[in-house]
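Undergrad: So that we are looking at the same thing, I have put the structure below in structure tokens.
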Amino acid sequence: MAKLYFRYGAMNSGKSTALLQAAYNYEERGHAVLLAKPEIDTKGDLGILSRLGVTREVDFLLASQTDAYATFQQHRRAVVDAAGRDVSCLLVDEAQFLTEAHVDDLLRIAILESIPVLAYGIRTDFQTVAFPGSRRLLEIAHSLEELKTICRCGRKAVFNGRKIGEQYVFDGAQVAIDGEEVAYESLCGACYLQESRGVLNGSKR
Ligand SMILES: [Zn+2]
């Protein structure tokens, strides 16, 4: 039986870089992989952008109503037809934006089709609340692995502070509205609470 893996981290923990490296490792050994991501992420259309400068296009996008299982099977058949070999792994970037139904399908793909699924994403939003896709992955993934990054103070960063200009903000939509100039900084718990004056806005929900 294959497994569903969730590799999560704060912003700038190198998730996309790790995903592209994993894809490369499979392909270097002659294995075929499929790459996917939710459609909500419009940073680069089909592209997976690594901070180290590597870019690669996904094989398919998952819109909120997309049947992830059927879409995977369709692309898998195309690989088998074209390359004469099965897919060895499904890699999913920006997994925090998946729907719960997508994540359930990823588990089914791993278990029923025996294809390992590696999902990479951010655990929580700027108010320290889990994204829907991440929450479902934390609930049902076989394996959880944290990708680490460093806060400005040198401790491990676990939260994502949202900034508009130089100012941290703690209210707003989970996904910033298009055109809104926001930036994110990975923070440890102590620095987050210092900036928010002790507020964890998740309790408002
Ligand atoms: Zn810190």
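Going by full-length UniProt numbering, the sequence shown opens with residue 1, and the numbers climb by one from there. Where a beta carbon is used, it is the ideal one built from N, C-alpha and C, also for glycine. Quick caveat: nothing in here was measured; it's all calculated off a predicted structure.
1) Rounded to the nearest angstrom, how far is the Cβ of G161 from that of E195, given a contact under 8 Å?
2) According to DSSP, is A141 part of a helix, a strand, or is it coil?
3) Which of the three DSSP states is assigned to residue 211 in this structure?
4) For ligand 1, I want to know if R155 counts as a neighbour, meaning its beta carbon is within less than 7 Å of at least one of the ligand's heavy atoms.
5) Kindly identify the DSSP beta-bridge partner or partners of G154.
6) Report the rounded CA-to-CA distance for G44 versus L118, giving the unit in angstroms.
7) Round the Cβ separation of G133 and Q174 to the nearest angstrom and send it over; I've been treating them as touching at under 8 Å.
8) Considering only the beta carbon of each residue, do I140 and V87 sit closer than 8 Å?
9) Pull up the CB-CB distance for V20 and D59, whole angstroms please, since I reckon it's below 8 Å.
10) For T124, name the three-state secondary structure that DSSP assigns.
11) Helix, strand or coil for L4, going by three-state DSSP, please let me know.
12) Could you give the DSSP three-state label for R76: helix, strand or coil?
TA: A quick look at the data gives this:
1) 6 Å
2) Coil, per DSSP.
3) Because the chain in this structure spans residues 1 to 205, residue 211 falls outside the shown range and cannot be described.
4) Indeed, a heavy atom of ligand 1 lies less than 7 Å from the Cβ.
5) According to DSSP, which records beta bridges pairwise, G154 is partnered with nothing at all.
6) The predicted model places G44 with a pLDDT of 47, which falls under 50 and marks its position as unreliable; any figure quoted below should be read in that light. Roughly 20 Å between the two C-alpha positions.
7) Contact check for G133 and Q174: beta-carbon distance about 11 Å, past the 8 Å limit, so the pair fails to qualify.
8) no
9) This sequence places Leu at residue 20; Val is not what is there. Not quite, the Cβ-Cβ distance comes to about 13 Å (not below 8 Å), so this is no contact.
10) strand
11) strand
12) helix
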